[in-house]
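K.L.:
Below: one structure in structure tokens.
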Amino acid sequence: MSATVSVFAGPGSWIESDAVAQCHQVAALDGMLHVAGMPDLHPGKGAPIGAAMASTVLYPLLVGSDIGCGIAVFPIGLKRPVPEKLAAKFPDPDVPLDPGLVDGEIPGGHVEGLGTVGRGNHFVELAKVGTVLDEGHAARLGLTAGDLVLVVHSGSRGFGERILRAHTEVHGAGPAADPAAYLAAHDDAVRWGSLNRRLLAARVADALGAQLSEPVVDQCHNLAEVRAGEDGDRVYLHRKGAAPGDGQDVLVAGTRGTPSYLVAAHAGAEANHSVAHGAGRKMSRADALRRGKAKHTVEELRRTPVGSLVVCGDRQLLFEEAPTAYKRIEQVIGDLEAHGLATPVATTVPLVTYKTAEAGPRERRRR
Numbered sequence: 001m002s003a004t005v006s007v008f009a010g011p012g013s014w015i016e017s018d019a020v021a022q023c024h025q026v027a028a029l030d031g032m033l034h035v036a037g038m039p040d041l042h043p044g045k046g047a048p049i050g051a052a053m054a055s056t057v058l059y060p061l062l063v064g065s066d067i068g069c070g071i072a073v074f075p076i077g078l079k080r081p082v083p084e085k086l087a088a089k090f091p092d093p094d095v096p097l098d099p100g101l102v103d104g105e106i107p108g109g110h111v112e113g114l115g116t117v118g119r120g121n122h123f124v125e126l127a128k129v130g131t132v133l134d135e136g137h138a139a140r141l142g143l144t145a146g147d148l149v150l151v152v153h154s155g156s157r158g159f160g161e162r163i164l165r166a167h168t169e170v171h172g173a174g175p176a177a178d179p180a181a182y183l184a185a186h187d188d189a190v191r192w193g194s195l196n197r198r199l200l201a202a203r204v205a206d207a208l209g210a211q212l213s214e215p216v217v218d219q220c221h222n223l224a225e226v227r228a229g230e231d232g233d234r235v236y237l238h239r240k241g242a243a244p245g246d247g248q249d250v251l252v253a254g255t256r257g258t259p260s261y262l263v264a265a266h267a268g269a270e271a272n273h274s275v276a277h278g279a280g281r282k283m284s285r286a287d288a289l290r291r292g293k294a295k296h297t298v299e300e301l302r303r304t305p306v307g308s309l310v311v312c313g314d315r316q317l318l319f320e321e322a323p324t325a326y327k328r329i330e331q332v333i334g335d336l337e338a339h340g341l342a343t344p345v346a347t348t349v350p351l352v353t354y355k356t357a358e359a360g361p362r363e364r365r366r367r
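The sequence shown maps to residues 1 to 367 in this note's numbering.
Listed below in structure tokens is the structure:
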């Protein structure tokens, strides 16, 4: 018998039928118990993105290659931030950090790509706290309207990919033959991702001459969690583009031209204790590139509707990540509220979003 499937989205939400079909395909896997689709649900490679999947069997493919990917929010002190001036001061997030500069142990001993942001929807963003929706909760986090924060979205870079490849080369999409061994490597990648976000934030703060505080949020949204089932059995909760929602604070990322939302998550078992991690794509990268070039200029995408700047030396990526390629973040947050999964605390409004340094195509290919 297939597992149950729940999709936490309202009738006005943009949910592709292919994504729902993927949820049901996953539900048919051996040992699967329940699949919860978040309002940012969209199709992924081998498994839906924006889903939390509970099973008595561990499937590495359901976590994917970017193990440990997540979003951290760091309060940062800057006086009179001018986006144009600050954008010019950001360090190149494609240049790896010298591992000798890192205090303490580097998880898994993996040094490749250390302190870099990566491609896709990853970014480092200077933002300001916009509307405060829950003053008490925001105050407990030390946040007030107008405060500046550094939002870092990145993961384990090539480390997680190496872990998944080692599994799929032998077992394909099948379960982990040795769950303990996979989880040990997986946990290293999760710690690596958190370290990487801290290193990125520290690099940016140093370049801007700013004071950086400890993160008020640092939640991973690509991971496997071991939980106890109702009968005491071990249950593996796979999250792919879904953030822990059992009493956690989560930054649900909007697009680079819209606010993001800091929420207090309180999702229960029906949602596999998870919440959305972002706006979620409504266009494939190929569609976004084709439609974006017909609709937008590069200059339009570099200056967003909220007045922020997007620094991205890769023009194709700029179109692929255009705000129009994503769902409305307000709809995603509304769905989380309507289903009792989370309560909005505050918005963050981008000032400078940094994805890749401005560079010529020849230099970009060498990296």
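Don't be surprised by glycine CBs; every beta carbon is placed ideally from N, CA and C.
Check this for me: beta carbons of Ser154 and Trp192, under 8 angstroms apart or not?
P.N.:
For the purposes of this step, residue 154 is taken as residue 154 along the sequence shown, with counting starting at 1. For the purposes of this step, residue 192 is taken as residue 192 along the sequence shown, with counting starting at 1. No.
K.L.:
Helix or strand or just coil, what does DSSP make of Cys69?
P.N.:
Within the sequence shown, numbered from 1, the residue matching residue 69 stands at position 69. It is coil, neither helix nor strand.
K.L.:
If you reduce the DSSP assignment to three classes, tell me which class Arg362 lands in.
P.N.:
Position 362 of the sequence shown, counted from the first residue, corresponds to residue 362. Here Arg362 scores only 37 on pLDDT, less than 50, and its place in the model is too uncertain to base an answer on.
K.L.:
Do you know whose CA, among Ala205, Gly31, Lys45, Leu223, lies nearest Gly229's CA?
P.N.:
Mapped onto the sequence shown, residue 229 falls at position 229. Closest by alpha carbon: Gly31.
K.L.:
Please go through the same chain and pick out, in chain order, the residues whose beta-carbon is closer than 6 angstroms to the beta-carbon of Leu114, but skip the five residues on each side of it.
P.N.:
Mapped onto the sequence shown, residue 114 falls at position 114. Same-chain partners within the cutoff: Pro96, Leu97, Pro99.
K.L.:
For His167, which three-state DSSP category applies?
P.N.:
Indexing the sequence shown from 1 puts residue 167 at position 167. In this structure, His167 counts as helix in the three-state DSSP scheme.
K.L.:
Sorted by chain position, which residues of the same chain lie with C-beta nearer than 7 angstroms to Arg362's C-beta, five sequence neighbours on each side aside?
P.N.:
On the sequence shown, position 362 is the one that residue 362 refers to. Bear in mind that a pLDDT of 37 at Arg362, under 50, signals an unreliable position, so the number given afterwards is only what the model happens to contain. Around Arg362: no qualifying Cβ.
K.L.:
Quick one, which of Pro91, Ala52, His137 has its alpha-carbon nearest Thr116's?
P.N.:
Residue mapping note: residue 116 aligns to position 116 of the sequence shown, counting from 1. Cα-wise, what sits closest to Thr116 is Pro91.
K.L.:
Taking a contact to mean a Cβ-Cβ separation below 8 angstroms, would you say Val217 touches Asp249 in this structure?
P.N.:
Counted from its first residue, the sequence shown places residue 217 at position 217. Counted from its first residue, the sequence shown places residue 249 at position 249. For Val217 and Asp249, yes; Cβs fall inside 8 angstroms.
K.L.:
Would the segment 70 to 89 and the segment 296 to 313 be scored as touching if the rule is three or more Cβ pairs under 8 angstroms?
P.N.:
Taking 8 angstroms as the limit for Cβ pairs, the verdict is that the segment 296 to 313 does touch the segment 70 to 89.
K.L.:
Pairs of beta-carbons, one from the segment 104 to 111 and one from the segment 238 to 248, closer than 8 angstroms: are there three or more?
P.N.:
At 8 angstroms Cβ cutoff, the stretches do not touch.
K.L.:
Does the beta-carbon of Pro350 have 16 or more other beta-carbons within 10 angstroms, so that it is buried, or is it exposed?
P.N.:
Here the question's residue 350 lines up with position 350 in the sequence shown. When all chains shown are included, Pro350 counts as buried.
K.L.:
Identify which residue in Arg328, Asn196, Val20, Leu199 has its Cα closest to the Cα of Tyr261.
P.N.:
Translated into positions along the sequence shown, residue 261 becomes position 261. Of the candidates Arg328, Asn196, Val20, Leu199, the one whose C-alpha sits nearest the C-alpha of Tyr261 is Arg328.
K.L.:
Here's the rule I'm using: 16 or more other beta-carbon atoms within 10 Å means buried, otherwise exposed. How should Gln316 be labelled?
P.N.:
Stepping through the sequence shown from its first residue, residue 316 is reached at position 316. Exposed, since its Cβ has fewer than 16 Cβ neighbours within 10 Å.
K.L.:
How should Arg281 be labelled, buried or exposed, when 16 other C-beta atoms within 10 angstroms of its C-beta is the threshold for buried?
P.N.:
Here residue 281 refers to the residue found at position 281 when the sequence shown is read from its first residue. So Arg281 ends up on the buried side.
K.L.:
Which partner residues of Asn222 appear in the DSSP bridge assignment?
P.N.:
Within the sequence shown, numbered from 1, the residue matching residue 222 stands at position 222. For Asn222, which the question treats as bridged, DSSP gives the partners Lys240.
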